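Here is the structure we will look at, set down as structure tokens.
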Amino acid sequence: MDSDLGLYGFGSAVRLDRDATTTGKCTGGGRENLHGRCRNAYGGITSLTSVGKLPCEFPQLFVTLVYIHPKANSNNACEIISQVTQSLQILGDMNNCSLSKTLRDFHQYVTCPTRQNKTLDLCYCSVKNAFKSIPLPPLGSSDHNCVHLIHSYQTALKRLKPETVYIKDWSDDPCLALQGCLECTDLDMFKDSCSDIDELTDVISSWVSYCEDTVIPIKAVKVYPNSKPWVTKSLKGLLREKNRVFKEGNLLVLHKLQKDIKREIRVGKLKYKDKLETQLKMNNLGSAWDSMKTIVGLKDRGKRKLEFNSIPDPAQLGPIFYYTFSLALSLPSLWKQSVVVPVAKISRPQTLNDFRPVALTSLIAKSFEKLIKAELLVKVEPLLDPYQFTYRAKRGVQDATITLLNLLYKHLEKSGNHARLLFVDFSSAFNTIQPHILTEKLLNNFSLDPSLTGWLLDVLTQRVQRVRVNKVLSGGLTSSTGSPQGCVLSPVVHTVHQ
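Just so you know, we're using this note's numbering here: the sequence shown kicks off at 44 and counts up by one.
In structure tokens form, the structure reads like this:
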């Protein structure tokens, strides 16, 4: 309904529906404009419209046409326009009025004379260097020149160049070759030649990395800015065949290929949808969210992650890692190292607090921490507060909201009762963890085994962290406070510590 569509400050919608008999198109569609006059402005009108040749980054434009009388109060005109058009495009005959001081975030594009040697007709917009102006002769008997505004903005597809990415080929044959290399290795010699667990961990990790670099080949993949995850090799082959047939002029084969391409795209999207649903069922929310952002266009496809078909499952490493875990009364120094990657919390970060420091730790250390976490939850879970909802299985925000409302309604049912709520947000909660306070709580309040408590104290102290920004790695910094974001034990540790 037209009455359901409206924006504050705009009038009724003006519909321009598509006529099927005139256009010959069977599907509906059309265009709808919203207009609203600037109250008390000097001949101004605002329009919300869409332009067919706009880049995909700009789905619509707000355009404000104004005329300011030469004898008008320029300050009042600027103030009214500023209140009405904070994020619109403004163009018109400004005479002696300038909006550069009022709309500081806007940019003016007309640089050529529009009347004799004066520039009276101006155009403002919030995108810097979006247009360049070229003077044209006036229309009819007008004393103002025409101005041709040419797009200087380039779309992401034209601005970004194809990127060549080198990845490892984790196909079936290289994985079998890597497993064969590990099977031929006598891992018992590492046990006899190493004096402590730190040396053993370093030797095993170095040997596995050497085998991987030697056996697994590296291939170059070209990633285009408009690459989509559901575009398969077969679809690319059909597109190349379509271009070849089009040049040959074979219309019958071209029509058949178009149907095949449409069917292949539909199959590829269905497979990608099934992959997304599988990630949700497996509670892999991070990958599922990345896939969802790719579908709706929120993710930069020019820099999307490349995925491999399969990964090796080297069961040959199980005994040596089991032996290493059994010796790990303290976590090896190599597994305590982490690389911190700053992840933006908002779309346009300005300060360091706008980033979340996510720590990338060793996969073997994560596996070890999962074993410790299972043992720790057995001791800690029964003694936690029943109203603790964060970082607990099968509990979430909706459970906390329903529980809170239930308690409030029961309390307010009695006459004369009132309720007050206090909401507290812990800033950098994981960084406030003090290991010595944590160990005291685990020993006194939860009666945790002293050896396990000592192991947790060793994990949280003397951690070496490095920061990586744009493939540049900083020097190491040793930290003995807090728990890294991305560590498997961090949520449980924070719950016990608070």
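We put the beta carbon where it would ideally sit given N, CA and C, even for glycine. As the structure is a computational prediction, the values presented were derived from the model and not from experiment.
With residue i as the anchor, note down where its beta strand (DSSP E) starts and where it stops.
{"i": "residue 387", "result": "381 to 387"}
{"i": "residue 173", "result": "Run containing residue 173: none; DSSP gives neither H nor E here."}
{"i": "residue 153", "result": "Run containing residue 153: none; DSSP gives neither H nor E here."}
{"i": "residue 520", "result": "520 to 522"}
{"i": "residue 187", "result": "Premise fails: residue 187 is in no beta strand (DSSP E) and is neither H nor E."}
{"i": "residue 400", "result": "398 to 403"}
{"i": "residue 261", "result": "261 to 266"}
Would you report the Cα separation of residue i and residue j, rounded to the nearest angstrom?
{"i": "residue 532", "j": "residue 373", "result": "15 Å"}
{"i": "residue 167", "j": "residue 118", "result": "17 Å"}
{"i": "residue 88", "j": "residue 110", "result": "Since pLDDT at residue 88 reaches only 45, below the 50 mark, its modelled position is unreliable, and the value read off the structure follows with that caveat. Rounded to the nearest angstrom, the two C-alpha atoms are 9 Å apart."}
{"i": "residue 352", "j": "residue 224", "result": "Note that residue 352 scores 38 on pLDDT, short of 50, meaning its location in the model is unreliable; the coordinates nonetheless yield the value given after this. Each residue's alpha carbon lies about 21 Å from the other."}
{"i": "residue 416", "j": "residue 150", "result": "56 Å"}
{"i": "residue 412", "j": "residue 245", "result": "18 Å"}
{"i": "residue 318", "j": "residue 182", "result": "59 Å"}
{"i": "residue 379", "j": "residue 502", "result": "7 Å"}
{"i": "residue 529", "j": "residue 174", "result": "45 Å"}
{"i": "residue 424", "j": "residue 514", "result": "40 Å"}
{"i": "residue 214", "j": "residue 288", "result": "33 Å"}
{"i": "residue 431", "j": "residue 453", "result": "20 Å"}
{"i": "residue 363", "j": "residue 197", "result": "55 Å"}
{"i": "residue 495", "j": "residue 390", "result": "41 Å"}
{"i": "residue 427", "j": "residue 399", "result": "27 Å"}
{"i": "residue 436", "j": "residue 120", "result": "59 Å"}
{"i": "residue 142", "j": "residue 203", "result": "33 Å"}
{"i": "residue 449", "j": "residue 540", "result": "28 Å"}
{"i": "residue 369", "j": "residue 382", "result": "26 Å"}
{"i": "residue 291", "j": "residue 280", "result": "17 Å"}
{"i": "residue 468", "j": "residue 403", "result": "25 Å"}
Ordered along the chain, which non-local residues of its own chain (more than five positions away) have a Cβ less than 7 Å from that of residue i?
{"i": "residue 32", "result": "Summary: the structure shown does not reach residue 32, with the chain confined to residues 44 through 541, and so no result is reported for it."}
{"i": "residue 522", "result": "506 and 508"}
{"i": "residue 296", "result": "288"}
{"i": "residue 366", "result": "234"}
At which residues does the alpha helix (DSSP H) containing residue i begin and terminate?
{"i": "residue 309", "result": "294 to 324"}
{"i": "residue 112", "result": "Taken as a continuous stretch (DSSP letters only), residue 112 belongs to no alpha helix (DSSP H), as it is neither H nor E."}
{"i": "residue 283", "result": "276 to 291"}
{"i": "residue 535", "result": "533 to 540"}
{"i": "residue 362", "result": "361 to 370"}
{"i": "residue 224", "result": "215 to 226"}
{"i": "residue 406", "result": "406 to 423"}
{"i": "residue 233", "result": "231 to 236"}
{"i": "residue 508", "result": "First-last for residue 508: 506 to 512, but that is the beta strand (DSSP E), not the alpha helix (DSSP H)."}
{"i": "residue 240", "result": "240 to 258"}
{"i": "residue 209", "result": "It is not in any alpha helix (DSSP H) - residue 209 instead sits in the beta strand (DSSP E) that spans 206 to 211."}
{"i": "residue 453", "result": "440 to 455"}
Who are the Cβ neighbours of residue i in its own chain at under 8 Å, not counting the five residues just before and after it?
{"i": "residue 434", "result": "534, 535, 537 and 538"}
{"i": "residue 171", "result": "150"}
{"i": "residue 254", "result": "221, 224, 225 and 228"}
{"i": "residue 301", "result": "285"}
{"i": "residue 137", "result": "109, 111, 163, 164 and 165"}
By Cβ distance, which residues of its chain are closer than 6 Å to residue i, with the 5 residues on each side in sequence left out?
{"i": "residue 100", "result": "Because the pLDDT of residue 100 is 48, which lies under 50, any placement of that residue in the model is unreliable, and the number read from its coordinates should be weighed accordingly. So the list is empty, once near-sequence residues are dropped."}
{"i": "residue 211", "result": "259 and 261"}
{"i": "residue 492", "result": "none"}
{"i": "residue 511", "result": "382 and 384"}
Check the C-beta distance from residue i over to residue j and give it rounded, since I have them as a contact under 8 Å.
{"i": "residue 304", "j": "residue 285", "result": "7 Å"}
{"i": "residue 359", "j": "residue 222", "result": "7 Å"}
{"i": "residue 241", "j": "residue 377", "result": "7 Å"}
{"i": "residue 518", "j": "residue 474", "result": "About 20 Å; that fails the 8 Å criterion."}
{"i": "residue 504", "j": "residue 478", "result": "6 Å"}
{"i": "residue 164", "j": "residue 191", "result": "In fact, because the Cβ distance is near 12 Å, the residues do not count as touching under 8 Å."}
{"i": "residue 251", "j": "residue 206", "result": "With a Cβ gap of about 29 Å, residue 251 and residue 206 do not count as contacting."}
{"i": "residue 278", "j": "residue 307", "result": "5 Å"}
{"i": "residue 455", "j": "residue 482", "result": "With a Cβ gap of about 42 Å, residue 455 and residue 482 do not count as contacting."}
Query raised in the report: Are the region 261 to 281 and the region 234 to 252 touching, with three or more C-beta to C-beta distances below 8 Å?
Result: When Cβ pairs closer than 8 Å are counted between the two stretches, the region 261 to 281 is seen not to touch the region 234 to 252, the count staying below three.
Report task. Answer yes if the region 439 to 458 comes into contact with the region 482 to 497, meaning at least three C-beta pairs across the two stretches below 8 Å, and no otherwise. Result -> Fewer than three beta-carbon pairs drawn from the region 482 to 497 and the region 439 to 458 are found closer than 8 Å, and the two stretches are therefore not classed as touching.
Requested in this report: Please determine if the region 153 to 160 and the region 178 to 186 are in contact, where contact requires at least 3 C-beta pairs separated by less than 8 Å.
Outcome: At 8 Å Cβ cutoff, the stretches touch.
Query raised in the report: Should the region 373 to 387 be regarded as contacting the region 453 to 467, the criterion being three or more beta carbon pairs within less than 8 Å?
Result: Segments in contact, no.
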